[in-house]
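A.B. asks: Below are the structure tokens for one structure; questions will follow.
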Amino acid sequence: VPVFPWHSLVPFLAPTQSD
Amino acid sequence: STVLPPSLPPYFIRGSIIQLADGELKRVEDLKTEDFIQSAEISSELKIDSSTVERIERSHTSPNFAVVQFSVGEHRTQVSVEVLLEYPFFVFGQGWSSCCPDRTTQLLELPCTKLSVGDVCISLTLKNLK
């Protein structure tokens, strides 16, 4: 049975730079 | 910026086993807001950001897709994501939500509510980003 890490369920919506 | 994630990953199917940062295993449909928050606290690289849904539109390119515009983090950066209508996002204090919950339930058997403008979704950032 495959086990997936929790963070694979969460989209990366972060901008590359926030300043 | 517009991001195009992969179509529909297998880990959203009901019964999928998810490992939290502390090693605990849970089914995807049993995940709670605290599971994500606690996992991010343990993580050395990832932190959770709040992403508020600002707009949901049908995609111009495909009828099966929607464009969801988020306001991300304290800087309220605008990010648009083109996703399948059934693609689930995790809403703080609420759980899995998608643009078309009926399709999500049908295709993934994942209990799901309707994603709406104003919903605050869990998203990730890298901790070392300034």
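Residue numbers (the working numbering), protein chains in the order written: chain X, 1042 to 1060; chain U, 145 to 274.
Ideal placement from N, C-alpha and C gives every residue a C-beta, glycine not left out.
A quick note: this is a predicted structure, and the numbers were derived from the prediction, not measured.
Please list, in chain order, the residues of the region 196 to 210 of chain U that have any C-beta partner in chain X closer than 9 Å.
C.D. replies: Within the region 196 to 210 of chain U, no residue qualifies.
A.B. asks: Cβ of L228 (chain U) within 8 Å of Cβ of L152 (chain U)?
C.D. replies: yes
A.B. asks: So V1051 (chain X) packs on I266 (chain U), CB below 8 Å; how close in whole Å?
C.D. replies: 6 Å
A.B. asks: Classify G217 (chain U): buried if its beta carbon has 16 or more other beta carbons within 10 angstroms, exposed otherwise.
C.D. replies: Buried: at least 16 other Cβ atoms inside 10 Å.
A.B. asks: Would E226 (chain U) and F209 (chain U) qualify as a contact pair, given that the criterion is a beta-carbon distance under 8 Å?
C.D. replies: yes
A.B. asks: Answer with buried or exposed for D1060 (chain X), where buried requires no fewer than 16 other C-beta atoms within 10 angstroms of its C-beta.
C.D. replies: Low confidence applies to D1060 (chain X): its pLDDT is 45, below 50, so where it sits in the model is not reliable, and the reading given next is rough at best. Classification of D1060 (chain X): exposed, given that the 10 Å Cβ count is below 16.
A.B. asks: With DSSP run on the structure shown, which of helix, strand or coil describes Q238 (chain U)?
C.D. replies: coil
A.B. asks: Can V235 (chain U) and D193 (chain U) be called in contact, C-beta distance under 8 Å?
C.D. replies: No, Cβ-Cβ distance for V235 (chain U) and D193 (chain U) is not below 8 Å.
A.B. asks: Along the chain, where does the beta strand (DSSP E) that runs through A165 (chain U) open and close?
C.D. replies: Judged by DSSP secondary structure, A165 (chain U) falls outside any beta strand (DSSP E); it is assigned neither H nor E.
A.B. asks: Can you tell me which of U:D174, U:L259, U:D166, U:K271 puts its alpha carbon nearest to the alpha carbon of F233 (chain U)?
C.D. replies: If we check each option's Cα against that of F233 (chain U), U:L259 comes out closest.
A.B. asks: Looking only at its own chain, which residues have a Cβ that is under 8 Å from the Cβ of R171 (chain U), when we skip the five neighbours before and after it?
C.D. replies: R158, G159, S160, I161, I162
A.B. asks: What does S160 (chain U) reach in chain X if we use C-beta pairs closer than 7 Å?
C.D. replies: F1045
A.B. asks: Between which two residues does the beta strand (DSSP E) holding L270 (chain U) run?
C.D. replies: 264 to 270
A.B. asks: Just how far apart, CA to CA, sit P207 (chain U) and L190 (chain U)?
C.D. replies: If you take the alpha carbons of P207 (chain U) and L190 (chain U), they lie about 33 Å apart.
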